[in-house]
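Engineer: Let me give you the structure first, and then I'll get to my questions.
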Amino acid sequence: MQAPRGTNDILPDEIKTWRQLEHKAVEICHRFGYEEIRTPIFEHTELFLRGVGDVTDIVSKEMYTFKDRSERSLTLRPEGTAPVARAYMESNLKGIPQPVKLFYIGPMFRYDRPGAGRYRQFYQFGVEVFGTNAPAIDAEVIVLALDFFRSLGLSDFALHLNSVGCPDCRQEYRSALQNELKDIVSTLCSDCSERFDKNPMRILDCKIDKCKEATKNLPSILDYLCSDCSAHFEQVKLLLNKLGEEYVINPRLVRGLDYYTKTAFEIISTVGDTEQAIGGGGRYDNLVSTIGGPDTPGIGFAVGIERVLLAIKESDAYPIKGPTLDVFVAKAGNVPDYEVMPIIMDLRNAGFSVDMDYMGKSLKAQFKTANKKDARYVVVLGEEEMQSKEVTLRNMTTGSQETVGLKQLAERLETT
Ligand SMILES: [Zn+2]
Ligand SMILES: [Zn+2]
């Protein structure tokens with residue numbers, strides 16, 4: 081038996097890095113005043129049709145949609161924003177003090193072509209804020225994302241920033257784009273020629289070289305922002321300047337859907353040969369109303385954890401050291417487990433992580449095991465030690481040894 085294509089097991093060796101990454105995410109969110117939310121793994125398909133948009137690749141090509149036994153159409157969540165917006169609406173979180181600042185970490189599902197850092201079940205860390213259109217929250221969300229990457233030891237990344245305006249300013253921009261594009265649209269890829277009528281802004285986003293080349297002199301959305309959108313963008317930039325964050329203005333950073341508004345940003349990893357987005361987000365002031373809720377501004381970002389792990393592995397930050405075993409208890413001679421286990425449990429109850437041998441291995445082999453497990457200390461327990469109530473405590477980093485009374489063991493470990 082094999083795991084389904086595009087899925088993988090995260091084995092103990094790797095989970096330490098995962099734990100550290102999740103721990104950093106939780107810790108930073110706490111410092112910024114964000115609280116965790118957990119939404120179901122599956123939702124009514126309708127939520128994603130409306131909240132992600134049926135013109136997107138995600139909805140048209142990549143969703144795991146199925147009928148349950150009562151013939152309801154359900155979908156494994158392909159992203160986290162629509163479910164969190166649904167929860168905000170359904171639980172009437174508009175009734176509590178605003179803004180509501182939330183974060184989530186969990187698996188998402190997309191029928192995508194598997195590749196490096198790309199899985200069909202993959203993990204995202206994301207934040208969503210509802211209930212304010214203050215530019216300060218845009219800056220906060222961006223800084224939170226940057227702080228997260230920095231906390232993992234990453235430094236080779238760039239913040240790309242844009243404003244996608246609002247439906248008002250986009251209308252004029254869209255016609256300007258179509259006007260410029262109408263003569264060259266036949267030279268673009270088939271996706272782009274489809275986008276020409278429905279969604280010309282997404283042509284800016286095309287990854288195909290001939291499209292990039294043909295469209296490099298197109299007008300910028302930033303020249304078409306209405307006064308409200310323009311003032312908002314200026315404030316976000318001012319805030320980032322004051323917070324000492326650098327950014328690259330990237331007018332080609334667009335979103336395909338109408339409910340996205342104003343700030344859009346991406347964090348691009350510049351480690352290795354290829355530039356790769358490791359996270360992104362932006363404002364979606366019309367999302368909650370799109371899925372049937374009251375008019376509510378919102379903003380968020382999401383990070384693909386597997387991609388971040390790839391970036392970490394390519395940088396000097398790897399491996400991130402997780403907590404290791406404090407003590408490995410090695411047994412010498414014929415000491416029965418009923419005498420060893422109470423000692424181990426005393427240490428565990430004192431807060432130390434402790435393991436022992438269950439395989440009847442030789443003392444030498446037990447030391448090897450302790451090394452593999454990265455144990456900080458080894459305690460040797462033999463018949464002699466049980467009688468004298470004194471044990472040898474070996475520091476596995478320095479190799480130094482000392483004799484410690486059994487009763488003082490926990491206390492001694494505490495002070496090292
Ligand atoms: Zn506008
Ligand atoms: Zn194209």
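Heads up: take any position in the sequence shown, counting from 1, add 80, and you land on this note's numbering. All residues carry an ideal CB built from backbone N, CA and C; glycine is no exception.
Could you give the DSSP three-state label for Asp137: helix, strand or coil?
Structural biologist: Asp137 falls in the helix class under three-state DSSP.
Engineer: Ligand 2 and Ile264: does the residue's C-beta get closer than 7 Å to at least one heavy atom of that ligand?
Structural biologist: No, the beta carbon of Ile264 sits no closer than 7 Å to any heavy atom of ligand 2.
Engineer: What number of angstroms, rounded off, separates the C-alpha of Thr212 from the C-alpha of Arg282?
Structural biologist: One C-alpha to the other measures close to 27 Å.
Engineer: Give the DSSP bridge partners of Ile329, in chain order.
Structural biologist: For Ile329, which the question treats as bridged, DSSP gives the partners Leu241.
Engineer: Just the Cα atoms here: how many angstroms apart are Gly362 and Lys317?
Structural biologist: Gly362 and Lys317: Cα-Cα distance of roughly 14 Å.
Engineer: If I'm right that Arg474 touches Gln481 with Cβ under 8 Å, what's the distance once you round it to whole angstroms?
Structural biologist: Confirmed, about 5 Å.
Engineer: Can you tell me whether Ile392 is buried or exposed, with buried defined as 16 or more other CB within 10 angstroms of its CB?
Structural biologist: Answer is buried; the Cβ neighbour count reaches 16.
Engineer: So, for Phe381: in the same chain, excluding its five sequence neighbours on each side, which residues have a beta-carbon less than 7 Å away from its beta-carbon?
Structural biologist: So the qualifying residues of the chain are Gly206, Val207, Val221, Ala225, Gly359, Gly360, Gly361.
Engineer: Tell me which residues share the same chain as Ala410 and place their Cβ nearer than 8 Å to its Cβ, disregarding the 5 neighbours each side in the sequence.
Structural biologist: Within the same chain, Ala410 has close Cβ partners Met436, Asp437, Leu443, Gln446, Phe447, Ala450, Val458, Val459, Val460, Leu461.
Engineer: Under 8 Å Cβ to Cβ from Ala490, same chain only, skipping five residues before and after it: list those, please.
Structural biologist: Excluding residues within five positions, the ones whose Cβ falls inside 8 Å are Asp426, Leu427, Ala430, Phe432.
Engineer: When DSSP labels each residue in this structure, what does Lys469 get in the three-state scheme?
Structural biologist: Looking at Lys469 - three-state DSSP - the assignment turns out to be coil, as it is neither helix nor strand.
Engineer: Tell me whether Pro120 is buried or exposed, calling it buried when 16 or more other Cβ atoms sit within 10 Å of its Cβ.
Structural biologist: So Pro120 ends up on the exposed side.
Engineer: Listed in chain order, which residues are found with a beta carbon closer than 7 Å to a heavy atom of ligand 1?
Structural biologist: Every residue passing the under-7 Å Cβ criterion appears here: Gly245, Cys246, Asp248, Cys249, Leu305, Cys306, Asp308, Cys309.
Engineer: What's the gap between the Cα of Asn414 and the Cα of Thr97?
Structural biologist: One C-alpha to the other measures close to 38 Å.
Engineer: Taking the beta strand (DSSP E) that Arg282 falls in, what are its first and last residues?
Structural biologist: Note, Arg282: premise wrong, no beta strand (DSSP E); not H, not E.
Engineer: Of the residues Met169, Lys104, Gly372, which one's Cα is nearest the Cα of Gly233?
Structural biologist: The shortest C-alpha separation from Gly233 is found at Lys104.
Engineer: Round the Cβ separation of Asp236 and Ser468 to the nearest angstrom and send it over; I've been treating them as touching at under 8 Å.
Structural biologist: Contact doesn't hold; Cβ gap of about 56 Å is too wide.
Engineer: Let me make sure I understand the geometry here. Which of Ala412, Met439, Asp454, Tyr418 has the alpha-carbon closest to that of Glu465?
Structural biologist: Minimum Cα distance to Glu465 is reached at Ala412.
Engineer: Can you tell me whether Gln505 is buried or exposed? The criterion is at least 16 other CB atoms within 10 Å of its CB, across all chains shown.
Structural biologist: This structure leaves residue 505 out entirely; the chain is present only between 81 and 496.
Engineer: Can the beta-carbon of Ser243 be found less than 8 Å from the beta-carbon of Leu323?
Structural biologist: No, the Cβ-Cβ distance between Ser243 and Leu323 is not below 8 Å.
Engineer: Give the residues whose C-beta lies closer than 7 Å to at least one heavy atom of ligand 2, in chain order.
Structural biologist: Working through the chain, the matches are Leu268, Cys269, Asp271, Cys272, Ile283, Cys286, Ile288, Cys291.
Engineer: Go through its chain and collect everything with a Cβ distance to Arg157's Cβ below 7 Å, but skip five positions before and after it.
Structural biologist: Hits under 7 Å: Ile121, Phe122, Glu123, Pro163, Met188, Phe189.
Engineer: Are the stretch 167 to 175 and the stretch 105 to 115 in contact at 8 Å, needing three or more beta carbon pairs?
Structural biologist: The stretch 167 to 175, when compared against the stretch 105 to 115, does not touch it at the 8 Å Cβ threshold.
Engineer: Mapping DSSP to helix, strand and coil, what is Leu461?
Structural biologist: Here Leu461 sits in strand by DSSP.
Engineer: Does the Cβ-Cβ distance between Leu241 and Phe345 come in under 8 Å?
Structural biologist: Going by C-beta atoms, Leu241 is nearer than 8 Å to Phe345.
Engineer: Using a 10 Å radius around the Cβ and a threshold of 16 neighbouring Cβ atoms, would you call Arg149 buried or exposed?
Structural biologist: Under this definition Arg149 is an exposed residue.
Engineer: My assumption, with CB atoms under 8 Å, is that Arg332 sits in contact with Asp285. Please give the rounded CB distance.
Structural biologist: About 7 Å; that satisfies the 8 Å criterion.
Engineer: Fully enclosed by the stretch 180 to 232, which alpha helix (DSSP H) runs are 4 residues long or longer?
Structural biologist: Whole alpha helix (DSSP H) segments, 4+ residues: 215 to 231.
Engineer: If you draw a straight line from the C-alpha of Tyr203 to the C-alpha of Arg250, how long is it?
Structural biologist: When rounded, the distance between both Cα atoms is 33 Å.
Engineer: Grab me the residues of Gly373's own chain with a C-beta within less than 6 Å of its C-beta, minus the 5 sequence neighbours each way, in chain order.
Structural biologist: Excluding residues within five positions, the ones whose Cβ falls inside 6 Å are Met169.
Engineer: How many whole angstroms separate the CB atoms of Gly336 and Val135, which I take to be in contact at a CB cut-off of 8 Å?
Structural biologist: Right, the Cβ-Cβ distance comes to about 7 Å (below 8 Å), so this counts as a contact.
Engineer: Let me check understanding here. Comparing Cα to Cα, which of Cys269, Arg99, Leu486, Ala214 lies closest to Cys291?
Structural biologist: Cys291 has its Cα closest to that of Cys269, out of Cys269, Arg99, Leu486, Ala214.
Engineer: Only counting runs of 4 or more residues, tell me where the alpha helix (DSSP H) segments fall wholly within the stretch 347 to 402, in order along the chain.
Structural biologist: Here the runs fully enclosed are 367 to 370, 385 to 394.
Engineer: Quick one: grab the DSSP three-state call for Glu69.
Structural biologist: Here the chain covers residues 81 to 496 and nothing more, so residue 69 does not appear.
Engineer: Going by C-alpha to C-alpha distance, which of Leu101, Val434, Lys452 sits closest to Asp227?
Structural biologist: The shortest Cα separation from Asp227 among Leu101, Val434, Lys452 belongs to Leu101.
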